[in-house]
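Q: Dropping the structure in here first, questions after.
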Amino acid sequence: MNTVKLTPMMEQYLLVKEEYPDTLVFFRMGDFFELFFEDAEIAARELQITLTSRNPGADNPVPMCGMPHHAIDDYVRQLLEKGYRVALCDQVEDPRQAKGLVRREVTRVLTPGTVVEDQNLDAKGHNFLSALFWHPDLGGGLAWVDVSTGMWSGLQTRAEAALWQWLVKMNPSEILLTQTQALPAHLEEAARKVSRYPEKTYFDGPGATDKILRAQRVASLAALDLEDKPALTRCCGALLTYLELTQKRSLEHLRPFEPLNIAATLLLDEVTERNLELFRTMDGGKGRGTLWQVLDQTQTPMGGRLLETRLRQPFRELSAISPVQDMVAYLHEKGAEREKLRQFLDRVHDLERLCTRIVMNRSMPRDFASLGVSLAVLPAMRAHLSSLENPPAKLQSLLDSWDDLDDVCALLRRALADSLPPVITEGGLFRPGYDARLDELMELTDHGQTALNAVLEREREALPRLKLGYTKAFGYYFELSRAQNAAPPEHFIRRQTLVNAERYVTEELRNLEERLLSAADLRKAREYDLFLTLREEVAGHRQRFMDMARTVAELDFTQSLAYAAHKWDWSRPELHEGLDIIIKGGRHPVVEAVQGRAGYIPNDLTLDDNGRLLLITGPNMAGKSTVLRQAALICILAQMGGFVPASSARLGLCDRIFSRVGASDNLSMGQSTFMVEMSETARILRQAGKRSLVILDEIGRGTSTFDGLSLAWAVAEELVRRQGGIRTLFATHYHELTALEERLPGLRNYNIAIREWKGEIVFLRRLVPGPADRSYGIEVARLAGVPAPVVARAKEILAVLERTAPNSGKRRELISRQAGLPGLGTTAPPREEMEENPVLTALRALNVNELSPLDALTLLHQWKDMAG
Numbered sequence: 001m002n003t004v005k006l007t008p009m010m011e012q013y014l015l016v017k018e019e020y021p022d023t024l025v026f027f028r029m030g031d032f033f034e035l036f037f038e039d040a041e042i043a044a045r046e047l048q049i050t051l052t053s054r055n056p057g058a059d060n061p062v063p064m065c066g067m068p069h070h071a072i073d074d075y076v077r078q079l080l081e082k083g084y085r086v087a088l089c090d091q092v093e094d095p096r097q098a099k100g101l102v103r104r105e106v107t108r109v110l111t112p113g114t115v116v117e118d119q120n121l122d123a124k125g126h127n128f129l130s131a132l133f134w135h136p137d138l139g140g141g142l143a144w145v146d147v148s149t150g151m152w153s154g155l156q157t158r159a160e161a162a163l164w165q166w167l168v169k170m171n172p173s174e175i176l177l178t179q180t181q182a183l184p185a186h187l188e189e190a191a192r193k194v195s196r197y198p199e200k201t202y203f204d205g206p207g208a209t210d211k212i213l214r215a216q217r218v219a220s221l222a223a224l225d226l227e228d229k230p231a232l233t234r235c236c237g238a239l240l241t242y243l244e245l246t247q248k249r250s251l252e253h254l255r256p257f258e259p260l261n262i263a264a265t266l267l268l269d270e271v272t273e274r275n276l277e278l279f280r281t282m283d284g285g286k287g288r289g290t291l292w293q294v295l296d297q298t299q300t301p302m303g304g305r306l307l308e309t310r311l312r313q314p315f316r317e318l319s320a321i322s323p324v325q326d327m328v329a330y331l332h333e334k335g336a337e338r339e340k341l342r343q344f345l346d347r348v349h350d351l352e353r354l355c356t357r358i359v360m361n362r363s364m365p366r367d368f369a370s371l372g373v374s375l376a377v378l379p380a381m382r383a384h385l386s387s388l389e390n391p392p393a394k395l396q397s398l399l400d401s402w403d404d405l406d407d408v409c410a411l412l413r414r415a416l417a418d419s420l421p422p423v424i425t426e427g428g429l430f431r432p433g434y435d436a437r438l439d440e441l442m443e444l445t446d447h448g449q450t451a452l453n454a455v456l457e458r459e460r461e462a463l464p465r466l467k468l469g470y471t472k473a474f475g476y477y478f479e480l481s482r483a484q485n486a487a488p489p490e491h492f493i494r495r496q497t498l499v500n501a502e503r504y505v506t507e508e509l510r511n512l513e514e515r516l517l518s519a520a521d522l523r524k525a526r527e528y529d530l531f532l533t534l535r536e537e538v539a540g541h542r543q544r545f546m547d548m549a550r551t552v553a554e555l556d557f558t559q560s561l562a563y564a565a566h567k568w569d570w571s572r573p574e575l576h577e578g579l580d581i582i583i584k585g586g587r588h589p590v591v592e593a594v595q596g597r598a599g600y601i602p603n604d605l606t607l608d609d610n611g612r613l614l615l616i617t618g619p620n621m622a623g624k625s626t627v628l629r630q631a632a633l634i635c636i637l638a639q640m641g642g643f644v645p646a647s648s649a650r651l652g653l654c655d656r657i658f659s660r661v662g663a664s665d666n667l668s669m670g671q672s673t674f675m676v677e678m679s680e681t682a683r684i685l686r687q688a689g690k691r692s693l694v695i696l697d698e699i700g701r702g703t704s705t706f707d708g709l710s711l712a713w714a715v716a717e718e719l720v721r722r723q724g725g726i727r728t729l730f731a732t733h734y735h736e737l738t739a740l741e742e743r744l745p746g747l748r749n750y751n752i753a754i755r756e757w758k759g760e761i762v763f764l765r766r767l768v769p770g771p772a773d774r775s776y777g778i779e780v781a782r783l784a785g786v787p788a789p790v791v792a793r794a795k796e797i798l799a800v801l802e803r804t805a806p807n808s809g810k811r812r813e814l815i816s817r818q819a820g821l822p823g824l825g826t827t828a829p830p831r832e833e834m835e836e837n838p839v840l841t842a843l844r845a846l847n848v849n850e851l852s853p854l855d856a857l858t859l860l861h862q863w864k865d866m867a868g
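This is the structure:
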C-alpha cells in the first residue's frame, strides 16, 4: 500500500482543518488564499472558479483552488450568502523573518450572522445572529445580536410556540440551538441556518452568567434586567461563546443588553407581517408592493434600520407615540427646513457600523474617510435644527444631548490625507506635519533625489567637477576624475579605482543611502503604527459615536415619516385609549403608491359599540381584502408615530393585530391550504384580546360548503362574544352569515358595492352598509377571461343547483333561527333540517349489493331526469 508523504505546509493545513471541520478554510500562501480537498471542490463549484491540483502527477492528486488575498471579499460574500462558514487562516509572522515554516493561525471565522463588512450587509437592514433555548421548567429564551452594530436584545416566555414565532419574525441569518432541540415541522426550511452546540458548553447557566458579567462589565445580572430570566441568560451566554470563537477577540463593542419589553410593543406575528406584506410581497419579493418600500424615505443606514425596527415593533403606549407624532407633524409642516435636513443627512455615512469596525480592528483607511465626512456635517446640521422656531419636545431633547464630536473630527482632519488608499499597509495615509518622524521618511521617499543633490552641491564647493553615481554593487558614490588633478578631502573614503577616475563615499552619503533604501519600508511601518494608534484613540469614543448615531437615526426616521406623509398626502391620526376605530376616506398606502392616487376610491370604516365585528360581503375582485388590509396598515402607521392614508382617523390603540388573509399551503410539511388556514385561525382565537384588531378573509373556504359555513359562523360568534366583542373585520362569501346581524349584538353587515349595467358588473370599490345580494362569481370568471362556453355552462349548472340544492335564503333562515338559541347558537345547523337533493336521498337508500348492471343503468337515466 502506497502512503502519501505530506509536506510540512500540508500537515499544518490539516491540523487547522481538524479544528474547523464544518468550515471552509482559506489558507494563506504568499499572495493567495488556497483551499484544499473537499473545501476546494465546494468553493470551485459554488464560486465557478477553476479547480486544479497541488500534485497533478501523483496517484492521489490533492484538489486545490485559490484566489488573490486582496480579492477574497467578493468570494467570501458569495459563500456566506449560500450559508457557508469561512475560516481565514492567515500568516501571523513576516515570511522574511520566519525560520522554517511560516506560522499560520485562524484569525477570524466569518459566518452569515457575524459579518461586519458593508459588502456583505444590507445597509438598511439588520443582520441577526440568534440563539434559542427551551426547557419545560425554565421556560424559553430567544436572544439576537447584530454584530455589525453591537445591538443585542431578546425575550423570555413560557409559551414555546411564541418563541418560534419571534424567531421567524426576527428573521436571523444564523440560529444557534442545543443538540437536542427539535425544530417545529413548519420551520424545517430554516434548518440550513441552524448550528447545533452542546448545552453544557454553550447554553450552561453559570457559565453564561460569568460570560455576560465579564463582557458587559457589570457586577450583577440585575443591571441588565436578566436576573429573573434564566432561559434568556443561557441564550446570551451561547451568543457570547459563539462570538468569542468566531471573532477571536474581546467583545467590548457590544452595547448594554436590553431585553425586549413586549408590553410596550404592538405585537405583529410573522403571519401578520407576511399577510400585510410589510417587508415582502406574498410571493416573497422585496421592494415594490411592500409597505417598507412606500415608507422608506430615510437618507442614512441608521435611519433605515430604525424604520425597520419600528415597523416590526410599533409602539403600544400613547406616551411613546405622541412625541414622535408631534415631531413628524412639525417636520411635515416645515417643508423647506425638512428638505435641508435631508440634504445634511444624505452626507452622513453609517456611524454605527463604521465605529463597530474600528473598535473590532476590522476597519480600513476609507472607513476613517467616511467617518471624517460624516462628523464634518454634524455642526452644520445642529445649527440648522437650532434655528428652527418652537421645536417640539423630542427635537429639543435631541438637540440638548447633541455632540458634534468636533475633537475627533479635528483629529481626523489633522491626521489623514485627503485621498486614502484602500489598505493599511501601502502607505499614503497621513498628512505632512502630523508626525515628525514620518515627515522625515516622507521627505526621503518623496524627495530622495533632492537630498542627494544637496549633498553633492555641498561637496562641489571644494570640487566643482565632482559627479554622483550609483551601482547595485557599490550603491551611491562620488566620482573624481583624474583629469581634475585634485586631492580628495580627508572625509572621502576610497571605494573603487578606475582607469580615469576614483570613486569615493562619505559617511554622510552612506547614511543617506541607507536611509533612502529603507525609507519606503520604514515609512509603511511607521504609518501602520500610527494608524493603529489613531484607531485605538478613535475607538475610545465609541459611546459618543453610538449616542450620535442614535440621534441621527431618530432624526432620519421622523423626517422619513414626514416626507412620506407629504409625498402621499397623509393626515395626522387622533389616537386614544378607547376601543373605537373611525376612519374617514381611508386608502391602502401600497396600492395607492403602485397604481396612483387618480381613480383610487377611499373608504370609511367604523368599529364602535354598535359594531365591533364588521361582516363584509361582496364578489371577488371587488376590493374586500384591500379594505381589510388598509385598516390594519393605518393602525400600524399610526402606532409608529406616523401619519396615515386617510382624510381623518380616530383610532383606539391596539395591543395586537392579527391577519388571516389569502390562501397558502405548506405541502412539504404535509399541511394543506385548509390546514394552514385553520392553524392561523386557531392562533387568533387563542391569543386575541379586547384591544386586538383581527383581520379575517374567507374563513372556511378550503373545505365543503356546510363545514366551511359552520366554521365561519362559529368563529364570528366567538369573536363577537369574547370580552364584549373583539374588533374584527370579517370578509366572507357565505352570504348566509349576514342573517347574524339580526341576532348577534355587535355584528354589522357591510359590502363592497357593485352595479350591474347592461349585463356587465361594475366594481364601485366602496364599502357600504348592508349585505351583498350575491357573489357574482361567474361574472368575475368571465371578466378574468374564462372562455364563453365555460361561463355559459356554469350559468346553466348554477340554475339547476339553485332549484335543487338548499338555497341561501333557506340557510339564512336556519341561521337566524339557530342564532336565537341560548349561548348565541354555538352549534351548526343540523343536517336533517336542510332540504336534501332527491337524487342523494335515493342514493342513500340504495343497496348496491343487490343491484344488477341493467338496474344500475336504469337508475342513472332516472336520476338524470330528476336532476333536470
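Residues 1 to 868, numbered by UniProt numbering, are exactly what the sequence shown covers, in order. Positions of the beta carbon are idealized from the N, C-alpha and C atoms, including for glycine.
1. Rounded to whole angstroms, how far is the Cβ of G139 from the Cβ of E308, which I believe are closer than 8 Å?
2. Given a threshold of 16 other Cβ atoms within 10 Å of its Cβ, counted over all protein chains shown, does H491 qualify as buried or as exposed?
3. For E833, which three-state DSSP category applies?
4. Do you know how far the Cα of E680 is from the Cα of P830?
5. Helix, strand or coil for C235 per DSSP?
6. Note down, in chain order, each residue of its chain lying with its Cβ closer than 6 Å to the Cβ of I636, except the 5 sequence neighbours on either side.
7. Using alpha carbons as the reference points, say which of L268, E592 and L183 lies closest to A688.
8. Who are the near neighbours of M678 in its chain, counting only those whose CB is closer than 6 Å to its CB and skipping five residues on each side?
9. Could you spell out the range, first to last residue, of the beta strand (DSSP E) harbouring V109?
10. Taking the straight line between their C-alpha atoms, what separation do you get for T826 and A646?
11. Quick one, which of T157, E333, C355 and P421 has its alpha-carbon nearest Y528's?
12. If you run the structure through DSSP and keep just helix, strand and coil, what is I726?
13. Quickly, what does DSSP pair W152 with across the bridge? List them, please.
14. Measuring alpha carbon to alpha carbon, tell me which of H541, E742, P259 and H566 ends up nearest D404.
15. L597: buried (16+ other C-beta within 10 angstroms of its C-beta) or exposed?
16. Below 7 Å CB to CB, which residues in the same chain sit around C235 once its five sequence neighbours on both sides are set aside?
17. Consult DSSP for P604 and reduce its assignment to one of helix, strand or coil.
18. Going straight from the alpha carbon of A501 to that of G372, what length do you get?
19. Looking at the structure shown, is P63 part of a helix, part of a strand, or coil, going by DSSP?
20. Which of helix, strand or coil does DSSP assign to N261?
21. Name, in chain order, the residues that DSSP records as bridge partners for P68.
22. Over the uninterrupted beta strand (DSSP E) stretch that includes A649, give me the two end residues.
23. Could you compute how far the alpha carbon of W166 sits from the alpha carbon of L278?
24. Would L243 and L251 qualify as a contact pair, given that the criterion is a beta-carbon distance under 8 Å?
25. Can you tell which of D435, Y476 and G433 has its C-alpha closest to the C-alpha of L452?
26. Could you check whether the segment 325-339 touches the segment 478-495, counting it as contact only if at least three pairs of C-beta atoms, one from each stretch, sit closer than 8 Å?
27. Assuming S148 and T356 make a contact with CB atoms under 8 Å, what is their CB distance in whole Å?
28. How about G746 and F557: are their beta carbons less than 8 Å apart?
29. If we call anything under 8 Å between Cβ atoms a contact, is D707 one with A731?
30. Which word fits M282, buried or exposed, when buried means at least 16 other C-beta atoms lie within 10 angstroms of its C-beta?
31. Rounded to whole angstroms, what's the CA-CA distance from V552 to L509? Just pull it up for me.
32. Rounded to whole angstroms, what's the CA-CA distance from E317 to I581? Just pull it up for me.
33. Taking C-alpha atoms, which residue in E105, P112 and A71 lies nearest to L79?
34. Pairing CB atoms from the segment 351-366 with CB atoms from the segment 520-540, are three or more of them under 8 Å?
35. Quickly, what does DSSP pair S397 with across the bridge? List them, please.
36. I believe L429 touches A417 by the beta-carbon criterion, under 8 Å. Please report the beta-carbon distance rounded to the nearest angstrom.
A: Short version:
1. Here residue 139 corresponds to residue number 139 of the sequence shown, with the count starting at 1. Here residue 308 corresponds to residue number 308 of the sequence shown, with the count starting at 1. So it is not a contact: roughly 28 Å between Cβ atoms.
2. The residue you call residue 491 lines up with position 491 of the sequence shown. Exposed, because fewer than 16 other Cβ atoms sit within 10 Å of the Cβ of H491.
3. Walking along the sequence shown from the start, residue 833 turns up at place 833. Unreliable placement is indicated for E833, whose pLDDT of 43 sits below 50; no coordinate value is reported for it.
4. Numbered from 1 along the sequence shown, position 830 holds the residue referred to as residue 830. Numbered from 1 along the sequence shown, position 680 holds the residue referred to as residue 680. Because P830 sits at a pLDDT of 44, beneath the cut-off of 50, its placement in the model cannot be relied upon, and the point is left open.
5. Stepping through the sequence shown from its first residue, residue 235 is reached at position 235. For C235, the secondary structure class from DSSP, reduced to helix, strand or coil, is helix.
6. Here the question's residue 636 lines up with position 636 in the sequence shown. Closer than 6 Å at the Cβ level, and outside the excluded window around I636, lie P314.
7. Indexing the sequence shown from 1 puts residue 688 at position 688. Closest option to A688, Cα to Cα, is L268.
8. To locate residue 678, count along the sequence shown from 1; it is residue 678. If we look at M678 and ignore the five residues flanking it on each side, it has no Cβ neighbours.
9. For this step, residue 109 is matched to residue 109 along the sequence shown. For V109, the uninterrupted beta strand (DSSP E) segment begins and ends at R104 to L110.
10. Against the sequence shown, residue 826 aligns to sequence position 826. Against the sequence shown, residue 646 aligns to sequence position 646. With a pLDDT of 41 at T826, under the threshold of 50, the modelled position of this residue cannot be trusted; read the value that follows with caution. Cα to Cα, T826 sits roughly 38 Å from A646.
11. The residue you call residue 528 lines up with position 528 of the sequence shown. Considering only alpha carbons, the answer is P421.
12. What you label residue 726 is simply residue 726 of the sequence shown in a count that begins at 1. Of the three classes helix, strand and coil, the one that applies to I726 here is coil, per DSSP.
13. Residue numbering aside, residue 152 sits at position 152 when the sequence shown is read from its first letter. In DSSP, W152 forms a bridge with V145.
14. Taking the sequence shown and counting its residues from 1, the one referred to as residue 404 is at position 404. Comparing Cα-Cα distances from D404 to each of H541, E742, P259 and H566, the minimum goes to H541.
15. Looking up residue 597 in the sequence shown gives position 597. In the sequence as presented, Leu is not what sits at residue 597; that position holds Arg. When all chains shown are included, R597 counts as exposed.
16. Here residue 235 refers to the residue found at position 235 when the sequence shown is read from its first residue. Answer for C235: A131, L132, F133, G141, L142, A143 and G154, listed in chain order.
17. For the purposes of this step, residue 604 is identified with residue 604 of the sequence shown, where counting begins at 1. Just to set this straight, residue 604 is Asp in the shown sequence, not Pro. Strand at D604.
18. Stepping through the sequence shown from its first residue, residue 501 is reached at position 501. Stepping through the sequence shown from its first residue, residue 372 is reached at position 372. Whole-angstrom Cα-Cα distance: 57 Å.
19. What you label residue 63 is simply residue 63 of the sequence shown in a count that begins at 1. Of the three classes helix, strand and coil, the one that applies to P63 here is strand, per DSSP.
20. Taking the first residue of the sequence shown as position 1, residue 261 is located at position 261. In this structure, N261 counts as coil in the three-state DSSP scheme.
21. Within the sequence shown, the letter at position 68 stands for residue 68. DSSP output for P68 lists F32 as bridge partner(s).
22. The count along the sequence shown starts at 1 and reaches residue 649 at position 649. It spans S648 to G652 - the beta strand (DSSP E) in which A649 sits, taken as one unbroken run.
23. Within the sequence shown, residue 166 is the residue found at index 166, counting from 1. Within the sequence shown, residue 278 is the residue found at index 278, counting from 1. So the alpha carbons of these two residues sit roughly 16 Å apart.
24. On the sequence shown, position 243 is the one that residue 243 refers to. On the sequence shown, position 251 is the one that residue 251 refers to. Taking 8 Å as the Cβ cut-off, L243 and L251 qualify as a contacting pair.
25. Your numbering for residue 452 matches position 452 in the sequence shown. That would be Y476, whose Cα lies nearest to the Cα of L452.
26. no
27. Locating residue 148 in the sequence shown gives position 148, counting from the first residue. Locating residue 356 in the sequence shown gives position 356, counting from the first residue. Their Cβ separation, rounded to whole angstroms, is 6 Å, which keeps S148 and T356 in contact under 8 Å.
28. Translated into the one-based positions of the sequence shown, residue 746 becomes position 746. Translated into the one-based positions of the sequence shown, residue 557 becomes position 557. Contact flag unset, no.
29. Position 707 of the sequence shown, counted from the first residue, corresponds to residue 707. Position 731 of the sequence shown, counted from the first residue, corresponds to residue 731. It is not a contact, given that the beta carbons lie outside the stated cut-off.
30. Your numbering for residue 282 matches position 282 in the sequence shown. Flag for M282 reads exposed.
31. In the sequence shown, residue 552 corresponds to position 552, counting from 1. In the sequence shown, residue 509 corresponds to position 509, counting from 1. Taking the Cα positions, V552 is about 57 Å away from L509.
32. Residue 317 sits at position 317 when you count from the first residue of the sequence shown. Residue 581 sits at position 581 when you count from the first residue of the sequence shown. Cα to Cα, the separation comes out at about 16 Å.
33. To locate residue 79, count along the sequence shown from 1; it is residue 79. Of the listed residues, the one whose Cα sits closest to L79 is P112.
34. yes
35. If you number the sequence shown from 1, residue 397 lands on position 397. In DSSP, S397 forms no bridge with anything.
36. Residue 429 sits at position 429 when you count from the first residue of the sequence shown. Residue 417 sits at position 417 when you count from the first residue of the sequence shown. Sure, about 6 Å apart at Cβ, within 8 Å.
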